[in-house]
Every structure is written in C-alpha cells, then in structure tokens.
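Written below as structure tokens is the structure these notes are about.
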Amino acid sequence: MNTLRLDLSNIYNVVTRAEVEALKPETEKSIEKLFSGKGPGNDYLGWLTLPEETTESFLTDIQNTAKIFCAECDYVVSIGIGGSYLGAKAVIEALSDSFESYKSKHDCPIMLFAGQNIGEDYLTEMLNFLKGKRFGIINISKSGTTTEPAIAFRFLKKLLEEQVGKEAAKKLIVAITDEKKGALRTLVNKEGYKSYIIPDNVGGRFSVLTPVGLLPICIAGFDISKLIKGARDMSHSVGLQNSYEENLSAQYATARNALYRKGKKIEILANFHPKLHYIGEWWKQLFGESEGKDYKGIFNAAVDLTTDLHSMGQWIQEGERSIFETVISIDAPNHTLNIPSDEENLDGLNYLAGKRVDEVNKMAELGTRLAHVDGGVPNIVIRLPQLNEYYIGQLFYFFEMAVGISGYMLQVNPFNQPGVEAYKNNMFALLKKPGYEKETEQILKRL
Ligand code: PA5
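FYI, the numbering for the sequence shown is 1 to 447, going by UniProt numbering.
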C-alpha cells in the first residue's frame with residue numbers, strides 16, 4: 001500500500017477494545033474543536049490548512065532562492081532552535097546519504113546547523129571550519145528574539161562579512177521570521193536581506209512546512225513539492241470530513257490517551273534506521289512541548305534500534321512498566337545489500353548468507369516488538385512504504401493532527417509553551433539583561 005499505515009493490534013495487552021472505543025466521543029469532540037477553532041490556542045491553527053494553501057508559485061520562489069545558495073555556496077548554515085531547527089534537520093538527515101559530508105564532491109551545499117545550542121566549542125569549531133570556505137546563512141527565528149540563534153548569527157554574519165565584504169554578504173543571508181515584529185525583522189529592514197514570513201498562526205513546532213523547513217530542505221537537494229504533496233494527501237484523510245475509521249491521527253491520539261489513562265505515562269518512539277534519529281527529535285518537540293503542561297502529559301522519549309537495544313533495551317524490557325512504544329517501520333529501504341557467503345564461516349553467519357541486511361533488521365524489529373509486548377509494553381506501529389519526501393510529508397501531518405487531537409483530549413492547550421519561559425527568565429536575570437534588574441536581585445539571593 002502506498003500510504004502511511006497504523007497498527008494498533010498490540011496495545012490490547014493493556015487496554016481493552018471497549019476502553020478505546022469508549023474514548024471515541026472525546027476524540028470526535030476534540031476534532032470538532034480543532035476544526036471549528038473553538039478550542040484553546042485557536043489562533044495557532046494555521047498548520048491545519050498549510051499544505052492545501054501552499055501554492056506552486058510559492059514553492060518556485062523557495063526553489064529559486066535555493067538555486068542562488070547552490071550556485072554561490074559549498075556550505076549553508078541554518079541558524080535556529082526548536083521548531084526553527086528540528087523539522088529541516090529531520091528531513092535532511094532522513095534523506096541524505098549518511099556519508100555525504102565526508103565526500104569530496106557534492107551536488108548541493110552541505111547544510112550545517114547553528115544556534116540550536118550555546119556550546120562555545122561547537123560554535124568555535126564551526127567558525128574555524130568555515131574560515132576561507134564559500135558559505136551562506138539562513139537565519140530562522142519566529143520571535144526574532146531567541147538568544148541561542150541570535151548569538152550564532154552575530155558570529156557567523158561577522159565571519160561572512162569579513163570574508164566576502166558587507167555588501168556581498170547581504171546576498172548570502174536569508175532571514176525567516178515574523179512579518180512585522182522582533183529584532184530579526186528590524187535587522188532585515190535595515191540590511192535589506194531577502195526574507196520569508198512565518199505566518200502568525202503557525203507555531204514554531206508546526207512550522208516545518210513553511211519556509212522554516214522548506215528552504216533548508218530544498219537547498220539540501222530534496223523535493224519540497226513532494227513533501228507538501230504527502231502532507232496534503234494526509235490532510236485529506238484525517239480531516240473533519242473523515243470518519244474515525246479513516247482517520248489514522250484520531251486513532252493514534254485515542255490509543256495514546258487510553259494507554260495514558262491506564263498508567264502508561266511514557267511513550268518511546270523507536271526506529272530501526274539511524275537516519276530517523278532526528279524524526280524522533282522533531283516528534284519529541286512536537287508532542288513534549290504541546291502536551292506537557294498543567295502538570296500532566298505523556299513523557300516522550302526516542303530510541304534508535306537496534307543500537308539502543310544494547311543500552312536502553314534492558315529498561316524497556318524489564319524496567320518500571322509505565323511505558324508504551326511506538327515504532328516507525330519502513331517497508332523498503334532505498335538500497336539492497338545481500339549478506340555474502342564465507343567459505344570458512346568462522347563467524348557462523350553462513351545461515352544468513354544470501355539474505356538481505358534488511359531481512360535481518362526486520363526480524364530484529366519483529367522479535368523486539370514481540371518481546372516488548374510479552375514484557376508488558378504495548379506497541380503501536382506506524383508503517384511507511386519508503387523513506388522519501390512524500391511519506392515524510394504524510395508522517396509530519398499525521399503527527400501534527402494527532403497531537404492537536406490528543407492535546408485537546410488531555411484538556412491542555414497544545415499550541416502554547418509557557419513553561420519554556422522559566423529558564424529564559426532565570427538566564428536573563430543571571431546575565432543581568434537590561435529590564436531584568438528586579439529578577440537579578442532576587443535570583444542572586446538564592447545563590
Ligand atoms: O515550538 C516553538 O514555538 C518553540 O520551540 C520555538 O520554535 C523555539 O523556541 C524557537 O523560537 P523562535 O523561532 O522564535 O526563535
């Protein structure tokens with residue numbers, strides 16, 4: 001089948017079918033709330049119609065900007081954090097050759113990421129690496145005032161200007177930010193950088209299908225039309241017009257909430273392909289930041305398997321029984337590799353000779369799922385036919401819709417993130433930011 005599929009058959013070791021069914025009216029009410037715009041956070045529902053509203057001419061504009069970077073740069077640094085970072089990183093990691101950056105020739109610029117941390121070593125090493133290289137910058141911040149990317153941009157802009165001159169640097173910088181507000185918009189207005197707008201009604205973690213994700217993904221050489229097409233097709237099957245039976249996002253949201261109410265407070269997203277690591281990071285942000293509020297919400301963790309079976313595998317199998325697992329399974333990898341036969345067979349592996357590596361991986365996946373179910377860990381499977389732009393687009397929209405429904409079922413506002421301010425306020429007070437004098441005085445008394 002050429003679409004994302006959902007398998008819930010292995011959750012019934014913990015919840016009954018009747019218990020899941022009983023939640024359906026709540027699910028349907030949440031969908032209704034989302035589409036009528038009557039729920040909390042209703043000013044952040046732009047993501048609902050984003051795939052449908054993205055026009056060909058808009059995508060062409062992004063592609064034309066990407067062409068300039070491709071012609072002028074060997075490296076492009078995408079600066080941003082949270083929702084202004086993870087979507088692009090997830091797609092680029094999932095679709096790139098794992099060893100692309102080690103190759104001596106590239107069809108497209110190599111994407112680097114900055115501003116997603118405040119590591120002095122990371123930034124120093126990036127600046128050292130970029131010295132003398134042809135590079136460009138995409139500066140992404142919806143608020144335009146986030147500290148981490150602002151620091152990174154100050155350094156990278158300075159290096160670029162030193163290398164190519166102030167005027168030429170302006171042509172190698174693109175900003176993606178709010179239409180009117182924020183320091184980044186002020187900078188755009190002053191310096192005349194090319195810029196794209198993040199719509200007001202699309203929150204950071206829902207912004208991967210805006211220029212925030214589309215421009216870096218396009219520069220890296222991937223087909224953004226297919227990404228949007230995948231999301232659009234998924235939006236047609238998880239909308240208000242679809243029945244519960246058709247709506248996979250609704251079924252996933254319902255299953256998660258049924259499990260949560262049975263004491264399964266942690267959801268582990270597992271993959272069996274290392275390229276999916278950052279899809280897990282994107283998912284953690286989407287669900288963690290959307291649901292973890294009012295002192296409730298499923299805690300989101302992610303593991304890369306089989307790698308982490310040799311570390312966290314023990315905990316998943318026999319630790320506290322407060323978890324359920326969601327596996328992203330890929331039907332067909334993009335390469336074929338058969339295990340060779342060996343005359344001496346000293347490693348005893350000849351019983352696998354002729355089999356594909358993916359067959360071994362699939363048996364590891366099946367064996368793991370069965371073992372986890374036996375160990376009391378309910379298991380959900382999300383199947384993608386292949387790893388490509390189209391199915392990742394489907395996956396993004398599937399999860400976005402699921403978190404909107406699930407957040408309302410949990411009775412939280414899935415579209416704000418008030419808790420993120422706490423660390424910022426303390427950091428600003430400790431750094432004596434102008435305007436934080438009272439907070440500085442108070443926090444210093446605690447130390
Ligand atoms: O989901 C969110 O809104 C956040 O994670 C933001 O994406 C993150 O804090 C970065 O914000 P900004 O794009 O304003 O720099």
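Idealized CB from N, CA, C, for every residue including glycine.
Query                                                                                                                           : Result
Identity of the residues DSSP links to residue 356 by a beta bridge                                                             : 338
DSSP bridge partner residues for residue 383 (one or two, in chain order)                                                       : 5, 329
Close-in-space but distant-in-sequence residues of the same chain around residue 246 (CB under 7 angstroms, 5 per side omitted) : 237
Any non-hydrogen atom of the ligand PA5 closer than 7 angstroms to residue 82 Cβ                                                : yes
beta-carbon residue 132 near the ligand PA5 non-hydrogen atom, thresh 7 angstroms                                               : no
Nearest residue (CA-CA) to residue 193, options 207, 205, 166                                                                   : 166
Rounded C-alpha distance that separates residue 31 from residue 205                                                             : 20 angstroms
Nearest-angstrom Cα separation, counted from residue 131 out to residue 158                                                     : 11 angstroms
For residue 450, the three-state DSSP class (helix, strand or coil)                                                             : Because the chain is modelled from 1 through 447, residue 450 falls outside the range shown and cannot be assessed.
Where residue 234 falls, given that 16 or more other Cβ within 10 Å makes a residue buried                                      : buried
Contact test: residue 394 Cβ vs the ligand PA5 heavy atom, cutoff 7 angstroms                                                   : no
Counted within 10 angstroms of its Cβ, other Cβ atoms place residue 314 as buried (16 or more) or exposed                       : exposed
Proximity to residue 358 [Cα-Cα], best of 376, 339, 346, 195                                                                    : 339
Span separating the alpha-carbon of residue 351 from that of residue 377                                                        : 31 angstroms
Straight-line Cα distance separating residue 83 from residue 61                                                                 : 22 angstroms
Residue 77 - containing beta strand (DSSP E), residue span                                                                      : 75-79
Meets three-Cβ-pair contact criterion under 8 angstroms: the stretch 33-42 and the stretch 62-76                                : no
Presumed contact (8 angstroms Cβ cut-off) between residue 403 and residue 287, rounded CB distance                              : 5 angstroms
Pair within 8 angstroms by beta-carbon distance, residue 207 and residue 280                                                    : no
Backbone secondary structure at residue 35 - three-state DSSP                                                                   : helix
Of the residues 177, 421, 2, 203, the one placed nearest residue 195, counting alpha carbons only                               : 177
Inter-residue Cα distance where the pair is residue 410 and residue 230                                                         : 28 angstroms
Test item: CB-CB of residue 214 and residue 174 under 8 angstroms                                                               : no
Same chain, Cβ closer than 6 angstroms to residue 153, neighbours up to 5 away in sequence not counted                          : 79, 139
Length at least 3, wholly inside the stretch 230-296: the beta strand (DSSP E) runs in chain order                              : 266-271
Inter-residue spacing [alpha-carbon to alpha-carbon] between residue 382 and residue 326                                        : 7 angstroms
Cβ-heavy atom distance, residue 154 to the ligand PA5, below 7 angstroms                                                        : no
Per-residue burial, residue 335 [other beta carbons within 10 Å of its own, 16 or more giving buried]                           : exposed
Closer than 7 angstroms: residue 136 CB and nearest the ligand PA5 heavy atom                                                   : no
Residue 155 versus residue 277 - alpha carbon distance                                                                          : 28 angstroms
Near the ligand PA5: residue 204 beta-carbon under 7 angstroms from a heavy atom                                                : yes
CB contact flag (residue 387, residue 94, <8 angstroms)                                                                         : yes
Cβ-heavy atom distance, residue 149 to the ligand PA5, below 7 angstroms                                                        : yes
Environment of residue 20 [buried if 16+ CB atoms lie within 10 Å]                                                              : buried
CA nearest to the CA of residue 412, picked from 34, 373, 51                                                                    : 34
Buried/exposed call for residue 321, threshold 16 Cβ in 10 Å                                                                    : exposed
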